[in-house]
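Chains as they are written, first to last, in the numbering used here: chain A, 7 to 288; chain B, 109 to 364.
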């Protein structure tokens with residue numbers, strides 16, 4: 007007989023003896039549907055995937071033509087380090103990424119603020135933004151090559167345009183969502199127009215602008231690789247393309263792993279920026 | 109400085125919200141404005157402070173604001189309107205920054221108003237760390253820092269719970285005893301209106317018109333004790349408001 011059944015029976019028996027209604031605790035029903043932190047699990051899952059992959063390659067379950075093992079990919083990265091080519095590829099890629107993203111973001115914030123503040127600018131530029139935003143910017147690369155040359159200019163321009171539009175949209179919608187009561191408060195205390203913009207509107211739009219950064223940064227990486235695959239001698243994208251053409255799967259995976267690390271570092275940096283600038287949020 | 113509200117009327121699109129509103133806010137006087145929801149009392153307050161323009165009528169200021177007043181007509185908002193990214197000190201400092209006040213003088217003003225609102229220990233706290241009552245005290249401190257001639261209070265206690273409301277009402281009375289500020293106090297809460305107002309202006313339902321003006325002679329600091337007399341005034345006003353409030357309520361349900 008189970009413990010529960012036994013307990014019930016004793017309770018029932020006791021109740022019968024005292025001629026009273028049975029007394030029992032109210033069952034708990036509020037559990038579940040809530041996430042708890044499991045710090046070590048994420049690392050373990052990651053290591054497990056790598057380990058299965060490595061074992062699969064070594065035992066021949068995974069065909070070596072289809073996929074290189076993690077250790078081979080790591081070897082390819084070490085080759086890159088030893089030959090010094092890592093810095094050449096990575097340096098050029100980071101230069102294009104940083105230059106394109108920074109320029110695109112700065113221009114995007116500038117135009118976004120103008121659209122957010124001046125209805126004339128909004129009326130003039132909104133249709134243009136709506137028309138140009140959905141174009142995959144990589145389709146414009148040939149045009150950029152004609153305009154800015156086959157060198158760095160065309161690649162930076164592609165990333166610039168790709169990050170510009172999402173930043174514009176994030177910025178002006180951030181400004182649109184600033185609490186009108188705060189602006190009214192600023193006016194009621196006689197604050198100068200520029201003070202209201204600088205001290206109320208821009209900080210109020212900052213959360214939206216920073217989450218726009220996340221989107222524009224991932225767009226920038228996609229465009230970087232695409233642009234480098236189309237017309238570059240060096241750079242992570244070019245390295246991956248060459249590796250693919252030579253069927254060097256280990257190098258290909260090494261290149262992809264480097265991209266993943268770039269993406270993770272950028273996400274971490276933006277997370278730090280959010281912590282620093284938005285610590286006032288709950 | 110006195111304020112004269114002269115024959116204000118206003119329409120929003122097709123609906124007339126306010127009609128023929130005229131009254132005076134004398135120096136050191138708190139005028140409570142009370143009325144059913146949707147009678148345009150908050151709109152009226154925005155006209156008085158120059159945040160919106162009425163279709164007809166005008167608001168006149170008589171005489172000069174007191175010397176050193178940085179912002180003669182100063183609002184206190186229902187939702188506090190604090191910048192969440194600025195500390196308590198920073199929120200007060202915000203309204204001083206455009207007036208060319210030296211850093212040390214600004215610090216002195218901030219310390220002074222925070223002390224007067226019992227916030228001296230919370231200068232470095234962010235708004236999210238504060239209770240509702242404290243947030244509104246920060247807003248009051250901010251308003252005091254610009255030395256207003258008239259405070260325009262738009263349901264300042266409506267977002268607070270009952271106990272905090274009582275405490276803050278006591279604070280406001282204490283403050284008035286010391287500073288003798290003038291104020292327009294818009295509320296839908298009868299108890300607040302009669303506790304704080306030297307006169308209570310009762311607005312009708314839409315279009316808002318002055319139904320009646322009730323003068324209350326009991327000094328502000330004695331009102332907590334002379335609760336029976338105050339209760340009589342409150343009942344008198346309630347008998348005026350009740351029918352208006354009921355009809356305003358029916359009106360809304362019929363529209364919806």
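Don't be surprised by glycine CBs; every beta carbon is placed ideally from N, CA and C.
- Message: My parser needs the alpha helix (DSSP H) runs of 4 or more residues fully inside the segment 228-280 of chain B; what are they?
- Response: 240-253
- Message: Contact criterion: CB-CB distance below 8 Å. Does residue 196 (chain B) meet it with respect to chain A?
- Response: Residue 196 (chain B) does not count as touching chain A.
- Query: Which runs of the alpha helix (DSSP H), 4 residues or longer, sit entirely within the segment 145-170 of chain A?
  - Reply: 147-154
- Message: List, in chain order, every chain A residue whose beta-carbon is nearer than 9 Å to that of residue 187 (chain B).
- Response: 185 and 187
- Count the other CB atoms within 10 Å of the CB of residue 263 (chain B); is the residue buried (16 or more) or exposed (fewer)? buried
- Item | chain A contacts made by the segment 132-144 of chain B, where a contact means CB separation under 7 Å | none
- Message: Please confirm whether residue 205 (chain A) has its beta-carbon closer than 8 Å to some beta-carbon of chain B.
- Response: Yes, its Cβ sits closer than 8 Å to a Cβ of chain B.
- Item | Cβ contact (3+ pairs, closer than 8 Å) linking the segment 215-228 of chain B and the segment 246-259 of chain B | yes
- Item | Closer than 7 Å at the beta carbon, the chain A residues around residue 157 (chain B) | Result: 194.
- Message: Between which two residues does the beta strand (DSSP E) holding residue 245 (chain A) run?
- Response: No beta strand (DSSP E) holds residue 245 (chain A); the alpha helix (DSSP H) holding it covers 242-251.
- Message: Can you pull the chain A neighbours of residue 254 (chain B), defined as C-beta to C-beta under 7 Å?
- Response: 195
- Query: Roughly how many angstroms lie between the CA atoms of residue 195 (chain A) and residue 154 (chain B), to the nearest whole one?
  - Reply: Residue 195 (chain A) and residue 154 (chain B): Cα-Cα distance of roughly 13 Å.
- Message: Within 8 Å of any Cβ in chain B, is that where the Cβ of residue 217 (chain A) sits?
- Response: no
- Query: Of all the alpha helix (DSSP H) runs that stay within the bounds of the segment 107-149 of chain A, which reach a length of 4 or more residues?
  - Reply: 125-138
- Item | Three-way DSSP call (helix, strand, coil) for residue 197 (chain A) in this model | Residue 197 (chain A): coil per DSSP, three-state reduction.
- What does residue 183 (chain B) reach in chain A if we use C-beta pairs closer than 9 Å? 190, 191, 194 and 195
- Query: Would you call the segment 243-257 of chain A and the segment 69-89 of chain A touching, i.e. three or more CB-CB distances under 8 Å?
  - Reply: With the cut-off at 8 Å, the segment 243-257 of chain A and the segment 69-89 of chain A touch.
- Name the residue from B:212, B:329, B:238 and B:239 whose alpha carbon lies nearest to the alpha carbon of residue 281 (chain B). B:329
- Would you give the residue range spanned by the alpha helix (DSSP H) that residue 89 (chain A) belongs to? 76-89
- Using beta-carbon positions only, say whether residue 164 (chain A) and residue 233 (chain A) come within less than 8 Å of one another. yes
- Message: On the CB-based measure, 16 or more other CB atoms within 10 Å of its CB, does residue 138 (chain B) come out buried or exposed?
- Response: By the neighbour-count rule (16 or more Cβ atoms within 10 Å), residue 138 (chain B) is buried.
- Check the Cβ-Cβ distances between residue 175 (chain B) and every residue of chain A, and say whether any is below 8 Å. No, its Cβ sits nowhere closer than 8 Å to a Cβ of chain A.
- According to DSSP, residues forming a beta bridge with residue 99 (chain B): Here chain B covers residues 109 to 364 and nothing more, so residue 99 (chain B) does not appear.
- residue 198 (chain B), enclosing alpha helix (DSSP H) - first and last residue: That run of the alpha helix (DSSP H) goes 196-202.
- Along chain B, in chain order, which residues have C-beta atoms closer than 8 Å to that of residue 177 (chain A)? Under the 8 Å cutoff, chain B gives no residues; its nearest Cβ is about 17 Å from residue 177 (chain A).
- Message: Give me the residue from A:77, A:209, A:140 and A:265 with the minimum Cα distance to residue 194 (chain B).
- Response: A:209
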